[in-house]
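**Student:** Would you mind keeping the following structure in view while I ask a few things?
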DNA sequence: TTCATTTAGTTCACGTTGTAGACTAAATAT
DNA sequence: ATATTTAGTCTACAACGTGAACTAAATGAA
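What follows is the structure, encoded as structure tokens:
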């Protein structure tokens, strides 16, 4: 239900409109903002003034004019005040990033360690250390962290990580083990990486991000908004049925995509002990490895065909391990998509490798808080005092 | 991008809030509305006054009191002014319905005729006759039709019906052949039927509506909003892959759901000439028919498994021919869903037959215009004149 | 150099809308 | 009959955007 609008909400929405216009439209003068937003110059002036005072916008020098008339003063998003913490637990490392309002990475900490089978308490304790360091550093830079988001690989709901096939965890509630002075939220790595690509990658507003790890997840972005389903569990691409009579899957079904293109299946079929080993084999043209990749690509193509028919996707981004395997996967995937979708739709969806690679998840995680501030800056703005 | 809010928009939004609260919350007094919306009594009084004057709300008698204090006057949606036209072209009939703001059917016209292979011009000419009659009748009832929506079976985009497997049509633009004094929009039958179920059926806010005809379409509703994909073509459940090496499909692929559970496949496997014949065979326990239905149900279960994994659905409504076949389909479908989804999610999605049956599409079509008025009543409300 | 022109930004009286609380209306309970 | 309670209206007021006049700062022409 739409909420009632009072004067306060009117102002809050208009602050958002101005801030958002600057965020999307690069540096803009007050006059340009008035034109873009449809508000009058006087209103824009007031709002910009308050946003500058709040440390959310900053004036750059006078706009390079060259043209007649008084040159306007351009404003941009200010990275001076608000920041956000993005956290990630991966199989091979822990990563922490602090982003400011402009999307610039202000602090980045990463610790390589093998988290396979490690106890949640241990891993989260170490993550807390890294996060605290990063927060301290951010504080030294004059930044105010508004919140933190933790990315984990596996289905998540209501703060609980139901299962993490990469780590071997079950029903963990990370916020209980991660004490930080700011609120910590939990979300799925595929969803957050999709948001990372949306906000800090190509900037496309409609796509499916596919995260290939031991499990295969996906994050669906439509019209610039993440789609997360009725209970937040959408995107389980790994269990889309590719062959009903296929091999049994840990989910209880059989012939799921994961049994063809999941990391374990891929390594087994390619006779490689690890992803780097598989990559090396592919690069030296090993037949077994190439065949394994082609088969996985075809299976992925079939699952994506179903996804496109259901969701009307026009762009698919391959992330996780699939980013590195992209040169060997894209052929078979595209072929299947073109063949099976050609009849009904003019062009098959556009396929790309993730632009951000392993950084997507932490960027998306931190971006989530940043974008919440951009979407509702009012709490950070003190109402202008009449002199 | 969020639009700037001026006083006018503030008022427009608050009119919507009040109207919407009455629409959802049954009869409400001004005092109750103030509590529900968070607006003050005086504001609500003004807004309700204007909405009543506009013919969008109506006062019923004094509220049943029995309790202490002055009894409030309840207001309800008024069916006296705004109406909307829902149109449907089906294989076997043309249907037209006029709905008022309360959702009551005020005029209904239906003409049985076989549209298979008929020329678009002929069919749409006849539909125009029916629609004109219905509009005249609505006018006699004092209703003002705000718009019309036409439901057709097949993929639609930008006013063009790309293909209609039921009718044998290709690339038809119905608005060109259907001259009415109000704007006519075009949409997919499965999408509109889903909206019909949402607004005038069970009222669930998250579900997938499956429309089984010669093609198999689907309409996805999430949080009370229809999901239509990047280009409006979402919901092609019929071409979700059920068996990659299966029978070739008219879409160019193979093993699509349609080749297992589409009406033609179903009749062929059940050795029946028509849907009524198949139903008769099923009711007398014919083995071939029962086996055909069970196989179709299992295929549908597999396609829906993929859909649930991708979309996180918790409710599935079977419509179209599947409504009548529900008693024979629900068993196999549920079994497959339970088996394949049991591992990852607590409970498989809830499966039901469509409540509205064949009426869903016209109701959804007309409801679309009605809900547009409910979502933005301001154009119908003249600003109150100070005496 | 000077002044007209152009564009940017600020100021202020005003209009529109929601708010708060006093006030009136209409019921039940004592 | 009168107190109490709840509904609804009325009015002075506050919040915020508007619009036009005004000031500021540039370019270009005389």
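Residue numbers (this note's numbering), protein chains in the order written: chain A, 1 to 387; chain B, 388 to 774. For glycine and all other residues, C-beta sits at the position ideal for the given N, C-alpha and C.
Going along chain A, which residues have a C-beta under 7 Å from residue 689(B)?
**Tutor:** Taking the second chain and counting its residues from 1, one reaches residue 689(B) at position 302. Those are 241 and 244, listed as they occur along chain A.
**Student:** Residue 662(B) and residue 704(B): beta carbons closer than 8 Å?
**Tutor:** Within the second chain, the letter at position 275 stands for residue 662(B). Within the second chain, the letter at position 317 stands for residue 704(B). No; because the gap between Cβ atoms is not below 8 Å, this pair is not in contact.
**Student:** Within 8 Å of any Cβ in chain B, is that where the Cβ of residue 191(A) sits?
**Tutor:** The sequence position of residue 191(A) within the first chain is 191, counting from 1. It does not; no Cβ of chain B falls within 8 Å.
**Student:** Whose C-beta lies closer than 8 Å to the C-beta of residue 769(B) among residues of the same chain, with five residues either side of it excluded?
**Tutor:** Counting from one through the second chain, the residue named residue 769(B) turns up at place 382. Closer than 8 Å at the Cβ level, and outside the excluded window around residue 769(B), lie 437, 440 and 441.
**Student:** Hey, is residue 765(B)'s beta-carbon within less than 8 Å of any beta-carbon in chain A?
**Tutor:** Position 378 of the second chain, counted from the start, is the residue given in the question as residue 765(B). No, its Cβ sits nowhere closer than 8 Å to a Cβ of chain A.
**Student:** Over the uninterrupted alpha helix (DSSP H) stretch that includes residue 757(B), give me the two end residues.
**Tutor:** For this step, residue 757(B) is matched to residue 370 along the second chain. Segment 747-762, the alpha helix (DSSP H) holding residue 757(B).
**Student:** Give a yes or no on whether 8 Å exceeds the smallest Cβ distance from residue 2(A) to chain B.
**Tutor:** The sequence position of residue 2(A) within the first chain is 2, counting from 1. Yes, residue 2(A) counts as interfacial toward chain B.
**Student:** Short of 7 Å in beta carbon distance, which residues of its chain neighbour residue 418(B), apart from the five on each side in sequence? Order them along the chain.
**Tutor:** Position 31 of the second chain, counted from the start, is the residue given in the question as residue 418(B). Counting only Cβ-Cβ distances below 7 Å, and skipping sequence neighbours, we find 428 and 459.
**Student:** Assuming residue 409(B) contacts residue 444(B) under a Cβ cut-off of 8 Å, what Cβ separation, rounded to an integer in Å, is found between them?
**Tutor:** As a first step, residue 409(B) is located in the second chain; it is residue number 22 there, counting from the start. As a first step, residue 444(B) is located in the second chain; it is residue number 57 there, counting from the start. That pair is a contact at about 6 Å.
**Student:** Measure how close the beta-carbons of residue 303(A) and residue 240(A) come, nearest whole angstrom, since I'm counting them as under 8 Å.
**Tutor:** As a working mapping, residue 303(A) is identified with position 303 in the first chain. As a working mapping, residue 240(A) is identified with position 240 in the first chain. Contact flag correct, Cβ pair sits at about 4 Å.
**Student:** Are the CB atoms of residue 643(B) and residue 629(B) nearer to each other than 8 Å?
**Tutor:** Residue 643(B) sits at position 256 when you count from the first residue of the second chain. Residue 629(B) sits at position 242 when you count from the first residue of the second chain. Yes.
**Student:** Please go through the same chain and pick out, in chain order, the residues whose beta-carbon is closer than 8 Å to the beta-carbon of residue 529(B), but skip the five residues on each side of it.
**Tutor:** One-based indexing of the second chain puts residue 529(B) at position 142. So the qualifying residues of the chain are 467 and 468.
**Student:** Does the CB of residue 262(A) have a neighbour CB from chain B at under 8 Å?
**Tutor:** For the purposes of this step, residue 262(A) is taken as the residue at position 262 of the first chain. For residue 262(A), the answer is no, since every Cβ of chain B falls outside 8 Å of its Cβ.
**Student:** At least one CB of chain B closer than 8 Å to the CB of residue 293(A): is that the case?
**Tutor:** In the first chain, counting from the first residue as 1, residue 293(A) sits at position 293. Cβ-Cβ to chain B under 8 Å: no for residue 293(A).
**Student:** Do residue 157(A) and residue 190(A) have their C-beta atoms within less than 8 Å of each other?
**Tutor:** Along the first chain, one-based indexing puts residue 157(A) at 157. Along the first chain, one-based indexing puts residue 190(A) at 190. No; because the gap between Cβ atoms is not below 8 Å, this pair is not in contact.
**Student:** Checking the sheet assignment: what are the DSSP bridge partners for residue 84(A)?
**Tutor:** For the purposes of this step, residue 84(A) is taken as residue 84 along the first chain, with counting starting at 1. Looking at the DSSP assignment, residue 84(A) forms a beta bridge with 99(A).
**Student:** Within 8 Å of any Cβ in chain B, is that where the Cβ of residue 152(A) sits?
**Tutor:** Walking along the first chain from the start, residue 152(A) turns up at place 152. So, not an interface residue.
**Student:** Tell me whether residue 551(B) sits in a helix, a strand or coil according to DSSP, three-state version.
**Tutor:** Position 164 of the second chain, counted from the first residue, corresponds to residue 551(B). Three-state result, residue 551(B): strand.
**Student:** Just reading off the alpha helix (DSSP H) that residue 712(B) is part of, what are its end residues?
**Tutor:** The count along the second chain starts at 1 and reaches residue 712(B) at position 325. Residue 712(B) -> alpha helix (DSSP H) spans 708-728.
**Student:** Residues in the same chain with beta-carbon distance under 7 Å from residue 18(A), minus the five sequence neighbours each way, listed in chain order, please.
**Tutor:** Position 18 of the first chain, counted from the start, is the residue given in the question as residue 18(A). These residues qualify, in order along the chain: 33, 37, 44, 47, 48 and 51.
**Student:** Any residues in the stretch 721-752 of chain B with a beta carbon nearer than 8 Å to a beta carbon of chain A? Which ones, in chain order?
**Tutor:** Listed by position along the chain: 726, 727, 728, 729, 730, 731 and 732.
**Student:** Beta-carbon separation of residue 230(A) and residue 593(B) under 8 Å?
**Tutor:** As a first step, residue 230(A) is located in the first chain; it is residue number 230 there, counting from the start. As a first step, residue 593(B) is located in the second chain; it is residue number 206 there, counting from the start. For residue 230(A) and residue 593(B), yes; Cβs fall inside 8 Å.
**Student:** Are the C-beta atoms of residue 773(B) and some chain A residue less than 8 Å apart?
**Tutor:** The count along the second chain starts at 1 and reaches residue 773(B) at position 386. In this prediction, residue 773(B) has a pLDDT of 44, which is less than 50 and means its spatial position is unreliable; nothing more can be read from the coordinates.
**Student:** Cβ of residue 42(A) less than 8 Å from any chain B Cβ?
**Tutor:** Start at 1 with the first residue of the first chain, and residue 42(A) comes out as number 42. So, not an interface residue.
**Student:** What are the start and end residues of the alpha helix (DSSP H) that includes residue 390(B)?
**Tutor:** Indexing the second chain from 1 puts residue 390(B) at position 3. Here residue 390(B) belongs to no alpha helix (DSSP H), and DSSP marks it neither H nor E.
**Student:** Comparing the CB of residue 446(B) with every heavy atom of the ligand FMN, is any distance shorter than 7 Å?
**Tutor:** For the ligand FMN, the structure offers nothing, since it holds no ligand at all.
**Student:** Output needed in chain order: residues of the stretch 4-28 of chain A with a Cβ under 7 Å from some Cβ in chain B.
**Tutor:** Cβ contacts with chain B come from 4, 5, 10, 13, 14, 16, 17 and 20.
**Student:** With a cut-off of 8 Å, does the C-beta of residue 787(B) fall near any C-beta of chain A?
**Tutor:** A query on residue 787(B) cannot be resolved here, the shown segment of chain B reaching from 388 to 774 and no further.
**Student:** Under three-state DSSP, which class holds residue 181(A)?
**Tutor:** On the first chain, residue 181(A) is found 181 positions in, with the first residue counted as 1. Residue 181(A): coil per DSSP, three-state reduction.
**Student:** Which chain B residues are close to residue 231(A), counting only those with a beta carbon under 9 Å from its beta carbon?
**Tutor:** Translated into positions along the first chain, residue 231(A) becomes position 231. 593, 699, 701 and 732, listed in chain order.
**Student:** If we cut at 8 Å on Cβ distances, does residue 39(A) have a partner in chain B?
**Tutor:** As a first step, residue 39(A) must be located in the first chain, where it is residue number 39. Yes, because at least one Cβ of chain B sits closer than 8 Å to the Cβ of residue 39(A).
**Student:** What does residue 544(B) pair with, by DSSP beta-bridge criteria?
**Tutor:** Within the second chain, the letter at position 157 stands for residue 544(B). Beta-bridge pairing links residue 544(B) to 547(B).
**Student:** Beta-carbon separation of residue 483(B) and residue 496(B) under 8 Å?
**Tutor:** In the second chain, residue 483(B) corresponds to position 96, counting from 1. In the second chain, residue 496(B) corresponds to position 109, counting from 1. Yes, the pair counts as a contact, with Cβ atoms nearer than the cut-off.
**Student:** Okay, do the stretch 217-228 of chain A and the stretch 156-170 of chain A touch, 3+ Cβ pairs below 8 Å being the bar?
**Tutor:** Flag = no, the stretch 217-228 of chain A and the stretch 156-170 of chain A do not touch.
**Student:** Does the structure place the stretch 690-701 of chain B close enough to the stretch 728-738 of chain B that three or more beta carbon pairs sit under 8 Å?
**Tutor:** With a cut-off of 8 Å, the stretch 690-701 of chain B and the stretch 728-738 of chain B count as touching, because enough Cβ pairs lie within range.
**Student:** Do three or more CB pairs link the stretch 718-725 of chain B to the stretch 554-565 of chain B at distances below 8 Å?
**Tutor:** The stretch 718-725 of chain B is not in contact with the stretch 554-565 of chain B.
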